[in-house]
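**Q**
Here is the structure:
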């Protein structure tokens, strides 16, 4: 499965600090549990990547929904 493929897989996502000063992204779904720990700098890089991807997705959506320009 690629990043741009639809999926019927459902999962829960939790994000928070650990007692060891790490940031944990925890994914749980359908018999699967994935805890991923990142140091704060890595977590901030991931946050920046999420914001950039959101901006790109928003721009793609806005291009599709733009109303036609009036003639005249």
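In the working numbering, the protein residues as written are 167 to 238. Where a beta carbon is used, it is the ideal one built from N, C-alpha and C, also for glycine. Fair warning: this is a prediction, and the values are worked out from it, not measured in the lab.
Taking 8 Å as the cut-off, does the segment 197-209 touch the segment 181-188 (at least 3 CB pairs, one atom from each stretch)?
**A** Enough Cβ pairs lie closer than 8 Å, so yes.
**Q** Could you compute how far the alpha carbon of residue 214 sits from the alpha carbon of residue 229?
**A** Taking the straight line from one Cα to the other gives about 23 Å.
**Q** Return the first residue and the last residue of the beta strand (DSSP E) that residue 201 is part of.
**A** Taken as a continuous stretch (DSSP letters only), the beta strand (DSSP E) holding residue 201 covers 198-204.
**Q** Distance, Cα to Cα, residue 181 vs residue 192?
**A** When rounded, the distance between both Cα atoms is 6 Å.
**Q** Nearest to residue 196 by alpha carbon, out of 175, 211 and 184?
**A** Minimum Cα distance to residue 196 is reached at 175.
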